[in-house]
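Asks:
There are 2 protein chains.
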Amino acid sequence: MFLPRLDRSAREPLARQLADRILEGIETGALSAGDALPSTRRMADWVGVSRFTVERAYDELWAQGYVEARSGSYTRVRARPPRRARAGGSGPESRLTAAPAGKAGPLGPAAARPEPAVPPPLRPGDRIGPAAAAAIAQRERMRSAARAPAPAAPLDGPARPDRAVIDFYSFQPDRRLFPSEAFKRAASEALRSDPGSALTYGSPAGHPALRERIAKRMREHGIDAGPDNVLVTEGALHAVDLVSRLLAGPGRSALCEDPTYPGALAAFEASGLRILPVPDDPEGMDPAVLRSTLDREGRNAALVYLMPSFRNPTGRLTGQRRREEILAVCSESGVPILEDGFEEELGFLGNAVRPLASMDPGTTVLYVGTLSKSLFPGIRLGWIAASEEWIRPLTALRAATSLGGNMMAQAAAAAFWDSGAYATHLRRVSRAFSRRLRAAREAAARHLPPFAELGEARGGYLLWVRLPGGPGPEAAKVESEVMEACRREGVAAAPGSPFHAGTSPGPALRLCIAGLEESEIEEGFRRLGAALKYALLEKY
Amino acid sequence: MFLPRLDRSAREPLARQLADRILEGIETGALSAGDALPSTRRMADWVGVSRFTVERAYDELWAQGYVEARSGSYTRVRARPPRRARAGGSGPESRLTAAPAGKAGPLGPAAARPEPAVPPPLRPGDRIGPAAAAAIAQRERMRSAARAPAPAAPLDGPARPDRAVIDFYSFQPDRRLFPSEAFKRAASEALRSDPGSALTYGSPAGHPALRERIAKRMREHGIDAGPDNVLVTEGALHAVDLVSRLLAGPGRSALCEDPTYPGALAAFEASGLRILPVPDDPEGMDPAVLRSTLDREGRNAALVYLMPSFRNPTGRLTGQRRREEILAVCSESGVPILEDGFEEELGFLGNAVRPLASMDPGTTVLYVGTLSKSLFPGIRLGWIAASEEWIRPLTALRAATSLGGNMMAQAAAAAFWDSGAYATHLRRVSRAFSRRLRAAREAAARHLPPFAELGEARGGYLLWVRLPGGPGPEAAKVESEVMEACRREGVAAAPGSPFHAGTSPGPALRLCIAGLEESEIEEGFRRLGAALKYALLEKY
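These protein sequence lines map, in sequence, to chains A and B.
Here the first sequence is numbered in the working numbering, starting from 50 and rising by one per residue.
Here the second sequence is numbered in the working numbering, starting from 50 and rising by one per residue.
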């Protein structure tokens, strides 16, 4: 067993000492590539320090590239630890990867080797531009929030080591529902019947057959579109990114709902757009605040980003009247709307509400759709639907930045659609998600304590639970206590604060039920209720 | 027959008149969706104007979305012409696509309908940001150069209507060499053996199996890489785009070879980088100019973009000594090199030269590779190989802008690689291209006139032919005359000027032989020789 010893009388902080001991372990071979480090709790017990100290040590090792921390698994020693900066270069043969553990670094046999007379390699930190740095930081915030709940890990510590964690955290469709067999047949069929169009550079706007199917689907949603109104992208986020890049310019801003999908925020940052969150009132994005923000921004407002149907993270459905109010405000200001309809494919909506893109001739609405949730994420197919005069520059920009999409996947998706298997699949997942949503509402009513307030849940598979507590840092603190209690109970949920670009108005949790059966949902809410009572009952 | 009449006494320019007459033809139904417009030559003859006037009219219609012009085909009337701005809105049901031809517009029955009280839709031109606009303009320059030779079209005018055009223009691998069957088997195998990893969101860095294979290939090229040194991208251009975005910032510049791949220039523009072309001397990029440019730019120099092996468009191989000189200059200036090794996979190089990424520990080299040329373009798979501290932020940026890649394609490519079929395929195409290159050199010696100077052609499948004539606009003019003669002879080639970000030093042609059999190459050079003599013999 690897047991690091720390010197409490030394001036060096304990976290630094712990990181150094682990590094020595890697360099001397006591720890090998792929070895799991002990959990932070266990390491804290062994070494006699706080878990916070262990976490800081692990974070430092991670940042230096010595260990990898996967969401939902222990921290492991990397296969190829990078040479430490202070060890200097050791020749061209090890420029990218360092020598094996134990052969390099200040403590290894290579330490005596003379420094070569070349300048040290550039560090990315010196060179990364401001927009990229902001996007990467936004993503790191999401990742660090993601690391906290450790959803699929074996439970840490004494509580319930016998049970699998129930994962309300991950936003992954249910693998058990993937139409793998039917899709495989469609992919083979596409490669057989027209290998030319599946294997060559295609139109940067996408495979004609798939654009045709998507346009037809848009018309089913009330959006009057032909194939020339469709640009196929590498998933919905790529679509958001292309629109951001088209509209970005010095000083320009993206207005968005708050809370919203943090992935879109990262894409806005990557284009250099300033993010302006517009808070919700009980109906959705507040049109009065939207109007005053647009007035203030003037020509700097590049776009308004909306996810009106079962928004990630709140699951909120913005009603028809509010959609019209928002359209009217944007229309007056002459600002394009980027409508993220990521849930539309699942067909929960019926005719109750219509996409904004189907409603108003006076405003440009760039509609984003995706097959990631309705088919499977690995396909990486999304699209933008808009008027041709917008699709044309977007297509040119797509071509300028990645030529075009994967024609094989696009041809396969079109063949899958044609075969009727997609319609069957959609009915199947739609039924499954409706059942799961009903089960979740019932389980929430049974198990959540009265101080936890379940948001509306009329469709989709995201639920938002508001908890008592103040805004901003207090919200994050309450969420972190609840996460810890959830961990003890064997249930994972996402904290609400990272979804806010503005100040979080209070603690909340996002629950995703897409990947769970009804019985798992019932048990998950039981555990969540217990965790909430444990964490918050004394206070409220 | 549709015969537009122009009024030579009117003040309106003839091109505008012609465009308006054609529009009326569309709106009255005299021209229907899908109808081919006459060739510019024929229309010029009919109407009695210059071809330049016809081209301007067609371009205006194209820009307004009424006709489509595909490279290598006639201009056709679009299926859904957009409503003309001056016709006003006609209700939500036709927001994206206009009413059918003849039903809208000032001359149709709908003209009497009152204007609805909504503002007109936003025009993209008002909104597109400066970086996106520059990238789109760069791409349009490429497209308009591409439209000139009309490679696969039936011949225009009287010359040789009986013969298929021989296409040295297109940069497409030979479809006849695609390993469709073996790849289909590999794709099925990947979906069968591990549908989970092929169908879900995977790591944004790429499918582990494919990163493993790519790292191994990098080591075969002398680059010391493990899987953590590899980020899988959606083709080489996407890799160039990610690096550009990572390094872009206000005032920053990309230094590049001149001539170079115009796709990379468009990606640099899309990130807002200023493009600084560094001219060639006979060995490649001139290191003295590189040094003085880097000195002048200082911290603003974001990267130096190089394609040292069989560069597109010249096919030039930068030798080992020049590679070292360039590395030394960049190393002193502390500027990262973006090395585009798009040809490396085809294995022409042997051990004669090494990728820059394998050579110098003192300079950061971000290596870009691709399977588009060695496997097939529809797969859209490329990669960046670099040290982990660069791969990590690049991966985060990739995740921030498109989550991750198509896992199905990546798993299939890894399976294809594993099966041994990739090695077999590479040997096969490598042999084929070697034979074709030899055939091209021999045919060039036989058929090209002495004033046409064939550049070095030691590998790859691109040839560069220098023609007599002055720099800049004169070069473009000579190229355009040669294009016209090529068209008459039934051969297509790419003009050299669009590959220059700086001033073209003189007229040139790029010939791609990847898609042609030896006999086609022989006949193509015969025609090219005839075209060059026809166009230039009187002058030289």
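From the three backbone atoms N, C-alpha and C, an ideal C-beta is built for every residue, glycine too.
Using the rule of at least 16 other Cβ atoms within 10 Å of the residue's Cβ for burial, across every protein chain shown, is Ala239 of chain B buried or exposed?
Replies: It is buried - the Cβ of Ala239 of chain B has at least 16 other Cβ atoms within 10 Å.
Asks: Using the beta-carbon of each residue, which ones in chain A are nearer than 9 angstroms to Leu171 of chain B?
Replies: Here the neighbours are Gly383, Val384, Pro385, Thr412, Thr413, Trp439.
Asks: Which value, in whole angstroms, describes the spacing of the CA atoms of Asp330 of chain B and Pro554 of chain B?
Replies: Rounded to whole angstroms, Asp330 of chain B to Pro554 of chain B spans 12 angstroms at the Cα level.
Asks: Beta strand (DSSP E) containing Ser423 of chain B: first to last residue?
Replies: Unbroken run through Ser423 of chain B: none, as it is neither H nor E.
Asks: Look up Met334 of chain B in the DSSP assignment and give the residues it is bridged to.
Replies: DSSP, once it has assigned bridges, lists B:Asp329 as partnering Met334 of chain B.
Asks: Just how far apart, CA to CA, sit Pro311 of chain B and Glu388 of chain B?
Replies: Using only the alpha carbons, I get a separation of about 15 angstroms.
Asks: Only counting runs of 4 or more residues, tell me where the alpha helix (DSSP H) segments fall wholly within the segment 404 to 489 of chain B, in order along the chain.
Replies: Runs of the alpha helix (DSSP H) inside the segment 404 to 489 of chain B: 437 to 451, 456 to 467.
Asks: Strictly by DSSP, which residues pair up with Arg559 of chain B?
Replies: In the DSSP output, where bridge partners are listed per residue, Arg559 of chain B has B:Trp513, B:Ala543.
Asks: How would you call Pro173 of chain B, buried or exposed, if buried means at least 16 neighbouring beta carbons within 10 angstroms?
Replies: Buried, because 16 or more other Cβ atoms sit within 10 Å of the Cβ of Pro173 of chain B.
Asks: Thr413 of chain A: buried (16+ other C-beta within 10 angstroms of its C-beta) or exposed?
Replies: Buried, by the Cβ-count rule.
Asks: Going along chain B, which residues have a C-beta under 9 angstroms from Phe482 of chain A?
Replies: Under the 9 angstroms cutoff, chain B gives no residues; its nearest Cβ is about 17 angstroms from Phe482 of chain A.
Asks: Would you mind stating whether Glu393 of chain A and Leu420 of chain A have Cβ atoms separated by less than 8 angstroms?
Replies: Going by C-beta atoms, Glu393 of chain A is not nearer than 8 angstroms to Leu420 of chain A.
Asks: Output yes if chain A places a C-beta closer than 8 angstroms to the C-beta of Gly391 of chain B; else output no.
Replies: For the record, residue 391 of chain B in the displayed sequence is Phe; it is not Gly. No - not a single Cβ of chain A is within 8 angstroms of the one on Phe391 of chain B.
Asks: Step through the CB atoms of chain A and report whether any lies within less than 8 angstroms of the CB of Ile433 of chain B.
Replies: Judged by the 8 angstroms Cβ criterion, Ile433 of chain B is not in contact with chain A.
Asks: In terms of residue numbering, what span does the alpha helix (DSSP H) encompassing Thr363 of chain A cover?
Replies: Segment: none, Thr363 of chain A is in no alpha helix (DSSP H) and carries neither H nor E.
Asks: Under three-state DSSP, which class holds Leu503 of chain B?
Replies: Strand.
Asks: Please state the DSSP three-state secondary structure of Ala159 of chain A.
Replies: With a pLDDT of only 38 at Ala159 of chain A, under the threshold of 50, the placement of this residue in the model should not be trusted, and no figure is reported.
Asks: Can you grab the Cα-Cα spacing for the pair Gly300 of chain B / Ile570 of chain B, in whole Å?
Replies: Looking at the two C-alpha atoms, the distance is approximately 46 angstroms.
Asks: What does Gly300 of chain B reach in chain A if we use C-beta pairs closer than 8 angstroms?
Replies: Those within 8 angstroms of Gly300 of chain B in chain A number zero; the least Cβ separation is about 10 angstroms.
Asks: In angstroms, rounded to a whole number, what distance separates the CA positions of Leu86 of chain B and Arg441 of chain A?
Replies: So the two alpha carbons sit approximately 21 angstroms from each other.
Asks: Give a yes or no on whether the minimum CB-CB distance between Gly178 of chain B and chain A is below 8 angstroms.
Replies: It does: the Cβ of Gly178 of chain B has a partner Cβ on chain A nearer than 8 angstroms.
Asks: Which residues in chain A have a C-beta closer than 8 angstroms to the C-beta of Leu283 of chain B? List them in chain order.
Replies: Here the sequence assigns Glu to residue 283 of chain B, which means Leu is not the residue at that position. Result: Glu283, Ser451, Gly454, Asn455.
Asks: List the residues that DSSP assigns as beta-bridge partners of Glu306 of chain B.
Replies: Note: Glu306 of chain B sits in a beta bridge opposite B:Val327.
Asks: Using DSSP's beta-bridge definition, name the partner residues of Arg125 of chain B.
Replies: Per DSSP, B:Ala85, B:Glu117.
Asks: With a threshold of 8 angstroms between beta carbons, is Pro362 of chain B in contact with chain A?
Replies: Not one chain A Cβ lies under 8 angstroms of Pro362 of chain B.
Asks: Between Arg507 of chain A and Leu291 of chain A, is the Cβ-Cβ spacing less than 8 angstroms?
Replies: No.
Asks: Could you check which residue in B:Ser382, B:Arg294, B:Gly545 has the C-alpha nearest to that of Val181 of chain B?
Replies: Residue identity check: residue 181 of chain B is Ala in the sequence provided, not Val. It is B:Arg294.
Asks: With a floor of 4 residues, list each alpha helix (DSSP H) that falls wholly inside the segment 238 to 324 of chain A, ordered by position along the chain.
Replies: Counting whole runs of 4 or more residues, the segment 238 to 324 of chain A contains the alpha helix (DSSP H) stretches 244 to 248, 257 to 269, 285 to 296, 311 to 319.
Asks: By the criterion of Cβ-Cβ separation under 8 angstroms, what are the contact partners of Ala319 of chain B in chain A?
Replies: Ordered by position in chain A, the residues that pass the 8 angstroms Cβ test against Ala319 of chain B are Arg294, Leu446, Ala449, Thr450.
Asks: Beta-carbon within less than 7 angstroms of Gln66 of chain A's beta-carbon, same chain only, minus the 5 sequence neighbours each way: which residues are those?
Replies: Here the set comprises Leu55, Asp56, Ala59.
Asks: Within the same chain, show all residues whose beta-carbon is closer than 8 angstroms to that of Leu497 of chain B, passing over the 5 residues directly before and after it, in chain order.
Replies: These residues qualify, in order along the chain: Leu503, Val514, Phe574, Leu577, Gly578, Leu581.
Asks: Cβ of Arg372 of chain A within 8 angstroms of Cβ of Val402 of chain A?
Replies: Their beta carbons are under 8 angstroms apart, which means Arg372 of chain A touches Val402 of chain A by this criterion.
Asks: Return the residue from the list A:Arg268, A:Ser568, A:Gly551, A:Cys535 that minimises the CA-CA distance to Arg559 of chain A.
Replies: The residue with the shortest Cα to Cα distance from Arg559 of chain A is A:Cys535.
Asks: With DSSP collapsed to three states, give me the class of Tyr354 of chain A.
Replies: Three-state DSSP puts Tyr354 of chain A in a strand.
Asks: Among B:Gly431, B:Trp439, B:Ala464, B:Asp307, whose alpha-carbon lies nearest the alpha-carbon of Gly454 of chain B?
Replies: Of the candidates B:Gly431, B:Trp439, B:Ala464, B:Asp307, the one whose C-alpha sits nearest the C-alpha of Gly454 of chain B is B:Gly431.
Asks: According to DSSP, is Asp223 of chain A part of a helix, a strand, or is it coil?
Replies: Three-state DSSP puts Asp223 of chain A in coil, outside helix and strand.
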